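Numbering (the numbering used here), first residue to last: 1 to 347.
As structure tokens, this is what we get:
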């Protein structure tokens, strides 16, 4: 190779061919590229390179290097999130508990698809959400490119790295390991997509990845079909929650199969969080009235004509739906049942 004749190494970095001097380590490669090492994770030939070894981790000719960082919610949009806390989306004394950790909001939100950084920041603040999802992607090979971590107050928000865009169990497992290397907590949203058109999850791949990740100490929240059998299997392998879809991602169709969701709820001993397909506030309320423990959404807020106002509507719908569930609705009846007493009628 030409690089070898010039006594340089030829390597692939995020899919691009680069040359680098012999003796280069991961640390010196990042420095030469102007990449802030505190904001990225590195993979070499499909294996995570532990941060503590970067100074001594050699780069060899032909190595394939991936340098990744977090972006907003799986979209290609700029990083979002920040601002002040919004009102809680859980009544006092009724927290959401996942793997022993307490949250006062039952609304989980994504960080992508907003029209501007300012809109996203304000919408997420008004939603009152405490858990926000972020996706892992290759960094731009340009020094100074902002990171989603720049705008998230991690004392206020819990980041939920997700494996959006992964089509195999192996890809999802690698992504979670990279997220851990980036310094994230061990709670992850697991997605293994089975079909690029519907974005329906691959149940077998999700279960396979969940087994591995649970054994490695991750707190796994898997996105799955509204399949009671699969949901139970995911719980049985140690997932901390199950996240059945309401409808295809971004479709806005609302809960298409409430009966399957009810069966999942009856059998689950872990939180059930509806994920994907919510379109408007009434959809969120229906999920909560069924007894779901929370709802995760992105497009329904970010794609609304007024995202900030929709964030408030979703926050309020989650609260109302949860209160209605706890209150217990009246039975459905075919015929009327007078609300005023019949005794004492004027004859």
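The beta carbon of each residue, even a glycine, is placed where N, CA and C say it ideally should be.
All figures in this text were calculated on a predicted structure; none of them were measured in a lab.
Beta-carbon separation (whole angstroms), residue i vs residue j, contact threshold 8 Å
{"i": "residue 325", "j": "residue 279", "result": "Not a contact, Cβ separation roughly 20 Å."}
{"i": "residue 205", "j": "residue 186", "result": "Between residue 186 and residue 205 the Cβ distance is about 21 Å, and since that is not below 8 Å, they are no contact."}
{"i": "residue 246", "j": "residue 203", "result": "Not quite, the Cβ-Cβ distance comes to about 17 Å (not below 8 Å), so this is no contact."}
{"i": "residue 254", "j": "residue 283", "result": "4 Å"}
{"i": "residue 135", "j": "residue 164", "result": "5 Å"}
{"i": "residue 298", "j": "residue 112", "result": "6 Å"}
{"i": "residue 47", "j": "residue 11", "result": "Actually they do not touch by this definition, with Cβ atoms about 15 Å apart."}
{"i": "residue 237", "j": "residue 214", "result": "6 Å"}
{"i": "residue 281", "j": "residue 304", "result": "Wrong, their Cβ atoms sit about 10 Å apart, outside the cutoff."}
{"i": "residue 224", "j": "residue 201", "result": "5 Å"}
{"i": "residue 51", "j": "residue 181", "result": "6 Å"}
{"i": "residue 67", "j": "residue 20", "result": "Not confirmed; about 13 Å, so no contact."}
Beta-carbon contacts of residue i that lie in its chain and below 8 Å, excluding the five residues immediately before and after
{"i": "residue 293", "result": "96, 106, 241, 271, 272, 273"}
{"i": "residue 22", "result": "7, 8, 9"}
{"i": "residue 184", "result": "159, 161"}
{"i": "residue 265", "result": "272, 290, 291, 292"}
{"i": "residue 93", "result": "none"}
As assigned by DSSP and simplified to three states, the class of residue i
{"i": "residue 297", "result": "strand"}
{"i": "residue 98", "result": "strand"}
{"i": "residue 62", "result": "coil"}
{"i": "residue 110", "result": "strand"}
{"i": "residue 136", "result": "strand"}
{"i": "residue 179", "result": "helix"}
{"i": "residue 158", "result": "strand"}
{"i": "residue 129", "result": "coil"}
{"i": "residue 172", "result": "helix"}
{"i": "residue 69", "result": "strand"}
{"i": "residue 83", "result": "Note that residue 83 has pLDDT 41, beneath the 50 cutoff, so the model's placement of it is unreliable and no number is given."}
{"i": "residue 74", "result": "With a pLDDT of only 36 at residue 74, under 50, the local geometry of the prediction cannot be trusted, and the value read off the model is given with reservation. Of the three classes helix, strand and coil, the one that applies to residue 74 here is coil, per DSSP."}
Cβ-based neighbour list, residue i, same chain, cut-off 7 Å, excluding 5 preceding and 5 following
{"i": "residue 198", "result": "248"}
{"i": "residue 328", "result": "none"}
{"i": "residue 235", "result": "242, 268, 269, 270"}
{"i": "residue 18", "result": "11"}
{"i": "residue 166", "result": "172, 175, 191, 192, 193"}
{"i": "residue 55", "result": "25, 27"}
{"i": "residue 101", "result": "none"}
{"i": "residue 222", "result": "190, 206, 210, 234, 239, 242, 243"}
{"i": "residue 212", "result": "173"}
{"i": "residue 118", "result": "none"}
Same chain only: Cβ atoms within 6 Å of residue i, ignoring 5 sequence neighbours per side
{"i": "residue 49", "result": "26, 42, 57"}
{"i": "residue 13", "result": "65"}
{"i": "residue 30", "result": "37"}
{"i": "residue 321", "result": "285, 288, 289"}
{"i": "residue 250", "result": "299"}
{"i": "residue 252", "result": "279"}
{"i": "residue 131", "result": "108, 158, 160"}
{"i": "residue 309", "result": "none"}
{"i": "residue 99", "result": "219, 240"}
{"i": "residue 256", "result": "247"}
{"i": "residue 177", "result": "48"}
Give a yes or no on contact between the region 230–246 and the region 259–276, applying the rule of three or more CB pairs nearer than 8 Å.
yes
Beta strand (DSSP E) runs contained entirely in the region 186–261, provided each spans 3 or more residues:
187–190, 219–224
Across the region 307–327 and the region 254–265, are there enough close Cβ pairs to call them in contact, namely three or more that are closer than 8 Å?
no
Is there contact between the region 326–336 and the region 119–128, where contact requires at least three CB pairs shorter than 8 Å?
No, the region 326–336 does not touch the region 119–128.
Please list the segments of the alpha helix (DSSP H) lying wholly inside the region 5–46, counting only runs of 4 or more residues, in order along the chain.
Complete alpha helix (DSSP H) runs here, min 4: 26–33.
Please give me, in chain order, every unbroken run of the alpha helix (DSSP H) with length at least 4 that falls completely inside the region 264–336.
281–290, 299–302, 307–327
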